[in-house]
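Colleague: Taking the numbering used here, the leading residue of the sequence shown gets 9, the next gets one more, and so forth. We put the beta carbon where it would ideally sit given N, CA and C, even for glycine. The model shown is predicted, which means the values in this text are computed figures rather than measured ones. One structure coming up, written as structure tokens, with questions to follow.
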Amino acid sequence: MRISGFASGMDIDQMVRDLMRAERAPMDKFMQQQTFKNWQVEAYRELNTKIRSFEQSVFDRLLTPSKFLGRTGTSTNDSLVSVTSSSGTGNAQYTINSVSQLATAASAFSKERVGGEDFDVRSPLVDQYDDWSTGKVVTDTAVHEGDGQFSFGSEHDNIKADSETIVRVNGRTYQVVNDEPEAGQVRIDGNTLQFEDGAVGENDRVEVEFITDAEGQYKKASMSTFNERGEEVMHSIFIKPEESLQTVMNKFNNSGVGVNMFYDDHQGQVVVSRTDTGVFNEDGPEIRFDPHLGSENSGANTFFGGFLNLEETNDQGAKNAKFEINGLSTERRSNTFSVGNLTMTLGGIFDSPVTVSSSVDTDKIVDNITAFVDEYNALIDEIHGNVNERQNRDFPPLTDEQRREMSEYEVEMWEEKARSGLMSRDRQLSAFLSDMRMTMYQTVENGQSDIRHLSDLGITTSNDYLENGKLEIDQAKLRAAVQDDPEGAYNFFAQTGENPGLARQLRSDLNGASDMVSRKAGGSSGRHQNHQFSLGRELNNLDTRISNFERRLEQKEQRYWRQFTAMEQAIARANSQGDMLYNFMFGNGNMM
């Protein structure tokens with residue numbers, strides 16, 4: 009029990025606080041050390057982020073061929089032939105002598121209006137179409153039985169005899185055949201699917217849609233196109249009465265047949281166009297409607313032919329681009345095509361030659377090297393400034409009590425000075441600076457190229473000692489060297505083997521520095537717990553010392569209170585005895 013000065017009249021609480029303030033002085037030192045080391049951890053991790061960022065930039069700018077050896081394509085008439093060039097193209101030049109025909113995509117549209125005047129593409133078809141087949145559509149996932157066989161519909165004993173069935177493997181519709189199946193085909197025997205041996209396995213998703221005798225309505229619709237190998241690609245669906253025409257069109261648009269299908273409200277007609285230009289089926293139509301019906305596919309009972317009024321004709325407007333290049337007459341399915349790694353796009357028909365070419369993108373290489381030098385100089389500046397900044401010991405980290413006594417502005421100004429020298433005289437960082445500078449002075453054996461040193465690219469070290477080894481660029485010399493030997497410039501930075509390029513050596517220095525900093529301050533390379541890096545271990549040690557000291561402070565405070573409580577109790581007893589003696593001597597009219 010604590011007694012606070014009732015007997016003595018002294019402010020015991022304040023006296024204990026004053027005594028403990030003196031006792032707590034070493035604790036304040038511990039807390040300031042802890043704050044400073046936490047600041048160091050933050051500062052080193054921030055520096056490590058910059059080191060890793062520069063290392064990644066070195067890779068992106070100097071070691072990635074597509075970025076360093078970027079090339080540019082030019083055309084004497086961009087409106088007629090535009091061109092792009094990729095890395096590795098080499099200097100090339102072609103002449104497009106003439107273009108007699110541009111590539112166009114196949115398309116088909118309704119020969120007359122769909123439905124009546126009030127037809128709504130988003131309303132259920134049950135209200136606008138009346139040629140339905142009877143039966144309920146059921147969707148099932150087939151089960152692999154081995155040897156190319158799958159079973160389906162095991163829970164349904166009312167599968168409609170000779171019903172139409174749609175089989176899809178990984179979303180692709182397979183053609184149902186009666187003979188031995190080949191690629192893209194399936195044979196159905198009761199509830200069993202048979203595929204070409206080895207074509208479909210247990211990891212493939214096989215989906216089956218079939219018809220049962222249950223009450224319902226449906227309509228089957230199919231569409232097919234042709235791929236680059238001239239193979240027919242088909243997509244089939246069962247349309248349900250509650251679905252709209254828009255839903256049906258979306259299903260075909262999102263399938264693998266490569267069409268764009270839409271309904272024109274003004275004309276009341278459906279348009280179906282290939283998403284790819286060019287001729288893929290030399291012997292017939294590019295887009296086929298309801299091919300599962302064979303010769304009946306244009307009959308009145310089909311969805312595409314009978315309801316949407318789409319005709320399957322050989323003339324659907326598909327054309328290949330026809331042109332002459334360097335005197336050779338040729339054609340392509342697309343107006344955009346590649347010759348080597350040079351990509352050209354035809355923009356019109358013409359008979360006057362257009363010349364296209366590719367050459368090294370000197371501006372891009374110069375920009376990359378210049379950016380690299382700027383980032384290197386910035387990192388040099390950052391590290392040199394940190395290492396040479398002295399700690400201002402007149403401004404230690406503030407204690408909580410000191411913060412409470414200062415304004416926000418005063419705290420900010422104080423901490424700006426208190427955070428100085430967080431990496432002061434760090435020998436490992438100084439060694440890293442020396443390693444980077446030595447790397448920059450290296451000579452790289454670069455085959456037949458004359459670019460063996462940074463100075464051959466117009467990059468030298470500043471003569472001003474205050475610049476601390478920063479690099480300077482002679483832009484004219486750099487541009488000339490890059491134009492003359494871009495491959496040599498790339499190899500100087502990026503070559504591998506016994507004589508690695510300068511950028512590869514620099515990345516090794518940077519990775520070593522990053523690992524060194526993470527060993528000191530953590531935050532990367534798997535070092536995230538305090539015991540995994542040196543500053544963290546020092547913080548753990550401080551935590552232990554602070555905990556022990558706090559325990560001792562608590563014990564001292566309890567001792568002070570025991571002492572003052574005993575004093576108060578003694579004074580209280582003395583006061584009580586004095587009162588008794590006074591009453592004995594002078595009480596009740598007694599006179600001594």
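Is there contact between the region 100 to 110 and the region 347 to 358, where contact requires at least three CB pairs shorter than 8 Å?
Modeller: Cβ pair count under 8 Å is three or more, so yes.
Colleague: Just to confirm, is the Cβ distance from VAL24 to PHE572 under 9 Å?
Modeller: Yes, the Cβ-Cβ distance between VAL24 and PHE572 is below 9 Å.
Colleague: Are at least three pairs of beta-carbons, each pair with one atom in the region 440 to 456 and one in the region 507 to 521, less than 8 Å apart?
Modeller: The answer is yes - the region 507 to 521 touches the region 440 to 456, with three or more Cβ pairs under 8 Å.
Colleague: Consider the Cβ of SER90: report whether some Cβ of chain C lies at a distance smaller than 9 Å.
Modeller: Looking at the structure shown, chain C is missing, and only one protein chain is on hand.
Colleague: What does the alpha-carbon distance come out to for the pair MET257 and VAL368?
Modeller: One C-alpha to the other measures close to 47 Å.
Colleague: Let me know the secondary structure DSSP gives VAL66 once reduced to three states.
Modeller: It is helical.
Colleague: Sorry if obvious, but does the Cβ on GLN483 come closer than 8 Å to a heavy atom of the ligand COA?
Modeller: This structure does not include the ligand COA; it has no bound ligands of any sort.
Colleague: Would you please state the rounded distance, in angstroms, between the beta carbons of LEU336 and SER118? I believe it to be under 8 Å.
Modeller: LEU336 to SER118, Cβ: 41 Å. No contact.
Colleague: Do you know offhand how far GLU416's Cα is from GLU54's?
Modeller: Distance between the alpha carbons of GLU416 and GLU54: 25 Å.
Colleague: Taking Cβ to Cβ, would you say ARG121 is nearer than 9 Å to GLY276?
Modeller: Yes, Cβ-Cβ distance for ARG121 and GLY276 is below 9 Å.
Colleague: Start and end of the beta strand (DSSP E) containing PHE331?
Modeller: Its beta strand (DSSP E) spans residues 329 to 333.
Colleague: Beta-carbon separation of ALA497 and ILE373 under 9 Å?
Modeller: In this structure, ILE373 lies closer than 9 Å to ALA497 by Cβ.
Colleague: Curious, which full-length beta strand (DSSP E) runs of at least 3 residues does the region 114 to 150 contain?
Modeller: As far as the region 114 to 150 is concerned, its whole beta strand (DSSP E) runs of at least 3 residues are 115 to 117 and 141 to 149.
Colleague: For PHE203 versus GLN157, is the C-beta distance shorter than 9 Å?
Modeller: It is a contact, given that the beta carbons lie within the stated cut-off.
Colleague: Output needed for GLY8: all residues of its chain with C-beta closer than 8 Å, excluding positions within five of it in sequence on either side, in chain order.
Modeller: Nothing can be reported for residue 8, as the shown portion of the chain is limited to 9 through 600.
Colleague: Tell me which residues share the same chain as ALA116 and place their Cβ nearer than 6 Å to its Cβ, disregarding the 5 neighbours each side in the sequence.
Modeller: Closer than 6 Å at Cβ, skipping near neighbours: VAL280, ILE295, LEU318 and GLN324.
Colleague: I'd like to check one pair, ASN56 with SER532: are the Cβ atoms closer than 9 Å?
Modeller: Cβ distance < 9 Å, so SER532 and ASN56 count as in contact.
Colleague: With respect to the alpha helix (DSSP H) encompassing MET524, which residues constitute its N-terminal and C-terminal limits?
Modeller: Run containing MET524: 510 to 529, per the alpha helix (DSSP H) assignment.
Colleague: May I have the straight-line CA-CA distance separating ALA488 from HIS539, to the nearest angstrom?
Modeller: About 53 Å.
Colleague: Does the contact criterion of 3 or more C-beta pairs under 8 Å hold for the region 71 to 78 versus the region 519 to 526?
Modeller: Contact between the region 71 to 78 and the region 519 to 526 is absent, because fewer than three Cβ pairs lie under 8 Å.
Colleague: Have a look at GLU236 and ASP135 and give me their C-alpha separation to the nearest angstrom.
Modeller: The straight-line gap from Cα to Cα measures roughly 40 Å.
Colleague: How should LYS605 be labelled, buried or exposed, when 16 other C-beta atoms within 10 angstroms of its C-beta is the threshold for buried?
Modeller: The requested residue 605 does not occur in the structure, where the chain is confined to residues 9 to 600.
Colleague: Distance check for PHE403 and ASP587, CA to CA, integer angstroms please.
Modeller: About 57 Å.
Colleague: Are at least three pairs of beta-carbons, each pair with one atom in the region 373 to 383 and one in the region 476 to 493, less than 8 Å apart?
Modeller: Segments in contact, yes.
Colleague: Considering Cα atoms alone, identify which of ILE59, GLU495, PHE44 and THR43 is closest to GLU390.
Modeller: The shortest Cα separation from GLU390 among ILE59, GLU495, PHE44 and THR43 belongs to ILE59.
Colleague: Measuring alpha carbon to alpha carbon, tell me which residue in LEU543, ASN548 and THR220 is nearest THR142.
Modeller: Cα-wise, what sits closest to THR142 is THR220.
Colleague: Going by DSSP in three states, ASP221 sits in which element: helix, strand or coil?
Modeller: ASP221 falls in the strand class under three-state DSSP.
Colleague: Give every residue of the same chain whose Cβ lies closer than 6 Å to the Cβ of GLU223, excluding the five residues on either side of it in the sequence, and list them in chain order.
Modeller: Answer for GLU223: no residue qualifies.
Colleague: Alpha carbon to alpha carbon, how far is LEU350 from ILE459?
Modeller: Going from the Cα of LEU350 to the Cα of ILE459 covers about 28 Å.
Colleague: Taking just the CA atoms, how far does ASP273 sit from VAL241?
Modeller: Approximately 29 Å between the Cα atoms of the pair.
Colleague: On the CB-based measure, 16 or more other CB atoms within 10 Å of its CB, does ARG559 come out buried or exposed?
Modeller: By the 10 Å Cβ count, ARG559 comes out exposed.
Colleague: Alpha carbon to alpha carbon, how far is ASN548 from ALA529? Give it in angstroms, no decimals.
Modeller: Using only the alpha carbons, I get a separation of about 13 Å.
Colleague: Can you tell me whether MET637 is buried or exposed, with buried defined as 16 or more other CB within 10 angstroms of its CB?
Modeller: Here the chain has residues from 9 to 600 only, and residue 637 is not among them.
Colleague: If GLU320 and ASN328 are in contact, beta carbons under 8 Å, what's the gap, nearest whole angstrom?
Modeller: The pair is not a contact, with the Cβ atoms about 21 Å apart (cut-off 8 Å).
Colleague: Hey, quick one: how far does the beta strand (DSSP E) through THR255 stretch, first residue to last?
Modeller: No beta strand (DSSP E) contains THR255, which is instead part of the alpha helix (DSSP H) from 253 to 261.
Colleague: Could you pull out every residue in the same chain whose Cβ sits closer than 7 Å to the Cβ of SER83, ignoring the five residues on either side in sequence?
Modeller: Once the five neighbours on either side are set aside, the close Cβ partners of SER83 are VAL89, SER90, VAL91, VAL362 and VAL364.
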